[in-house]
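Participant: Below you will find the structure I want to go over with you.
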């Protein structure tokens, strides 16, 4: 990784460019036009409208006026910091769990599956054939208080331990933080597995052979070769898992309770039940900004500006 | 992947041509900065939305006489169906008797969702697709406040005199000038005795009995959950002060903090109750009647302190050219025999006096179901919820939303 980053840039500055003609000059912009327009219509305009709404004051019935109400932001931070915190803690835990589960799966499919590889890949994607909502609701049946899963963990006293940590309460799984984290992990697992698989699959097995020739144990080989080369997959996987998980509200609605509500739940309630559009918009913008800041920090930290 | 990307010259993309990278990136960046600044300024200047209400509505010409049509929007499973032929007997009879053809659409799934659908058109001064639709009490109050519905011509609805006296002077519409009840239901406590072997008969027991800890759910519908709690505290949901409201919220908050209330639910509480995850919950009569078909052990208790009653109501939106036709349809369903025909399928509580007698001939067994035909004592214990101004409603919704995790 670091070795690669130090490769000096090639081309571009070496030969002076030929003087471009007028039509030639504009071609790149014309080529960018479709993407630029799509970006403008589907991203820039909605975001600007959202930011605008977040700075308005008033109500639905008397109308909203634009007043630079930055206090909306302060209000939602004061009121909804627990939901904010939960969003990031739950999404973070789910991301870590997803790596722990997805890495061995992706590794196995990439290196050990042989002819089963394509079938296994289809199985990874198979959950998408059913609606996200239905799959989440199915977990309420699987984890029900008197169901076999909960009864088993209760009988081996795992739930007593998680009760003590605060992950569950009253020796049940549903309507506890544990259920929400498990739900998030489950729902976003394919988004972790596929990028990991993609980055593992194209690694040259010769590298590990060479490491073996140089007396590296297979453990050393993994940590010095396989893991660093799979980092791009790890990073895109964590981003694809963390970002949607932090904004999710379906898992907290059906698997959690009011004690597990996340930022998405608060936005949902503000938009649809309280109908306070300006505060809802302020909360949405805050969540987006927080995620962007976290992601930039994370990407910088992992030294992978070129990868994402 | 990293190696391939490294081949691209730093700072410029192949698509942007081969001239010096710095020039391209500076002009691009400044272009974006400039245009977004212009866009932002224009947008901010343009944006302030007016209020959505309608004042000074001038009635449009009524074409009911020449245009014998009517579009009625209602909730799903909310009108009688002949299972064999798939026809709607009471509605067919109306068409035959009056010569008005009715377009019956089941497109109201949620009060707020339906409101969001019709509001822009009405605010914009246009007629909506429906000439008549059915929504819940508090939404009717909101529609009246916004001027979205119009006053009935009671001369066209002589049968309105058949309305249950309890519903005649409802808080948001005294004298029922703008709305008439379609069906009603009660909110009370449903309980699955198989879970804890406890029969729950009061909100206080539901919210504080340690044996039920984590086995209780409440409805996300503020008017039912808070209404029942107000009653339990000895207050009147139809006439309360904010101090009393806050006491009810505090009582619920204590039950949330202690872990007594497992969660707040929408219509999905039935699954938890039947599966045994929940021993008792705040529930609606209609749902319990449906659940009892599969789990006959489930009970519905009206607390001694009283229960809340809600209604879904007919309203006629402004700008409709078929107002008289719509009034004739309302009149039709305020005939006891037609109301009975509909009630026999819907299993909710009919607001029409005389349905009980009509049902004796139609389906005497249904008379035995206390959830469909509640006795006088039960109905006397039922209260509706005070009508709120926008400001009051926001305050109550906000306090309740905070309780439910938002």
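Chains as they are written, first to last, in my numbering: chain A, 2 to 309; chain B, 5 to 410.
The beta carbon of each residue, even a glycine, is placed where N, CA and C say it ideally should be.
Remember, it's a predicted structure, so these values are computed and weren't measured experimentally.
With a CB to CB cut of under 7 Å and the five nearest residues on each side skipped, what residues in its chain are close to residue 146 of chain B?
Facilitator: none
Participant: Please confirm whether residue 132 of chain B has its beta-carbon closer than 8 Å to some beta-carbon of chain A.
Facilitator: no
Participant: Which two residues bound the contiguous alpha helix (DSSP H) that contains residue 320 of chain A?
Facilitator: In the structure as shown, chain A starts at 2 and stops at 309, and residue 320 of chain A therefore has no counterpart that could be examined.
Participant: Which chain B residues sit within Cβ distance under 7 Å of residue 274 of chain A?
Facilitator: 401 and 405
Participant: Here's the rule I'm using: 16 or more other beta-carbon atoms within 10 Å means buried, otherwise exposed. How should residue 76 of chain B be labelled?
Facilitator: When all chains shown are included, residue 76 of chain B counts as buried.
Participant: Under a three-way DSSP split, which group does residue 265 of chain B fall into?
Facilitator: strand
Participant: Quick one: using the 10 Å Cβ neighbour count with 16 as the cut-off for buried, is residue 141 of chain B buried or exposed?
Facilitator: buried
Participant: For a contact meaning CB atoms closer than 7 Å, what does residue 268 of chain B contact in chain A?
Facilitator: 259
Participant: Would you list the one or two residues that DSSP bridges to residue 400 of chain B?
Facilitator: Paired residue(s): none; residue 400 of chain B is not in a bridge.
Participant: Here's the rule I'm using: 16 or more other beta-carbon atoms within 10 Å means buried, otherwise exposed. How should residue 156 of chain B be labelled?
Facilitator: Buried is the call here.
Participant: Could you say which of B:264, B:297, B:328 and B:242 lies nearest to residue 158 of chain B if we only look at CA atoms?
Facilitator: When only C-alpha atoms are compared, the closest one is B:328.
Participant: Indicate whether at least one CB of chain A lies closer than 8 Å to the CB of residue 34 of chain B.
Facilitator: Interpretation of residue 34 of chain B is limited by its pLDDT of 49, a score under 50 that renders its predicted location unreliable; no figure is taken from the coordinates.
Participant: Quick one: is residue 266 of chain A near chain B, going by C-beta distance under 8 Å?
Facilitator: yes
Participant: Is there a C-beta anywhere in chain B that falls below 8 Å from the one on residue 61 of chain A?
Facilitator: yes
Participant: Are the beta-carbon atoms belonging to residue 163 of chain B and residue 146 of chain A less than 8 Å from one another?
Facilitator: no
Participant: Should residue 410 of chain B go down as buried or exposed, given a rule of 16 or more other Cβ atoms within 10 Å for buried?
Facilitator: buried
Participant: Quick one: what's got a C-beta closer than 7 Å to residue 169 of chain A's C-beta in the same chain, skipping five residues either side?
Facilitator: 160, 163, 177 and 179
Participant: Ignoring anything shorter than 3 residues, give me the beta strand (DSSP E) runs that lie fully in the stretch 53 to 111 of chain A, in order along the chain.
Facilitator: 57 to 60 and 64 to 67
Participant: Please name the residue, chosen from B:74, B:301, B:269 and B:279, that lies closest to residue 288 of chain B on a Cα-to-Cα basis.
Facilitator: B:269
Participant: I'd like to check one pair, residue 180 of chain B with residue 221 of chain B: are the Cβ atoms closer than 8 Å?
Facilitator: Pairing residue 221 of chain B with residue 180 of chain B gives a Cβ-Cβ distance that is not under 8 Å.
Participant: Counting only C-beta atoms, is residue 215 of chain B closer than 8 Å to chain A at any point?
Facilitator: no
Participant: Step through the CB atoms of chain B and report whether any lies within less than 8 Å of the CB of residue 170 of chain A.
Facilitator: yes
Participant: Along chain B, in chain order, which residues have C-beta atoms closer than 9 Å to that of residue 147 of chain A?
Facilitator: 199, 279, 280 and 281
Participant: In chain order, what residues of the stretch 101 to 131 of chain B put their CB closer than 7 Å to some CB of chain A?
Facilitator: Taking 7 Å as the Cβ-Cβ cut-off against chain A, the residues of the stretch 101 to 131 of chain B that qualify are 116.
Participant: At a Cβ threshold of 8 Å, is residue 103 of chain A touching chain B?
Facilitator: When Cβ-Cβ separations below 8 Å define contact, residue 103 of chain A makes no contact with chain B.
Participant: Please return the same chain residues whose Cβ sits closer than 7 Å to the Cβ of residue 114 of chain A, not counting the five positions on each side in sequence.
Facilitator: 121
Participant: What's the call for residue 120 of chain B, buried or exposed, on a 16-neighbour Cβ count within 10 Å?
Facilitator: Exposed, because fewer than 16 other Cβ atoms sit within 10 Å of the Cβ of residue 120 of chain B.
Participant: Does the beta carbon of residue 279 of chain A sit closer than 8 Å to a beta carbon anywhere in chain B?
Facilitator: no
Participant: Would you call residue 20 of chain B buried or exposed, if buried means 16 or more other Cβ atoms sit within 10 Å of its Cβ?
Facilitator: Per-residue confidence for residue 20 of chain B stands at a pLDDT of 36, beneath the threshold of 50, marking its modelled position as unreliable; the derived number appears in the next sentence. It is buried - the Cβ of residue 20 of chain B has at least 16 other Cβ atoms within 10 Å.
Participant: Closest to residue 249 of chain A by C-alpha separation, out of A:138, A:256, A:264 and A:292, would be which residue?
Facilitator: A:264
Participant: Suppose you measure from the CA of residue 233 of chain A to the CA of residue 183 of chain A; what does that come to, to the nearest Å?
Facilitator: 25 Å
Participant: Based on DSSP bridge pairs, tell me the residues matched to residue 154 of chain B.
Facilitator: According to DSSP, residue 154 of chain B bridges with nothing at all.
Participant: Who are the Cβ neighbours of residue 68 of chain A in its own chain at under 6 Å, not counting the five residues just before and after it?
Facilitator: 58
Participant: Can you list the residues of chain A that residue 167 of chain B reaches, using a CB-CB cut of under 8 Å?
Facilitator: The contacting residues do not exist; residue 167 of chain B stays about 29 Å from chain A at best.
Participant: Does DSSP put residue 321 of chain B in a helix, a strand or coil?
Facilitator: strand
Participant: On the CB-based measure, 16 or more other CB atoms within 10 Å of its CB, does residue 123 of chain A come out buried or exposed?
Facilitator: Counting the other Cβ atoms within 10 Å of the Cβ of residue 123 of chain A gives fewer than 16, which makes it exposed.
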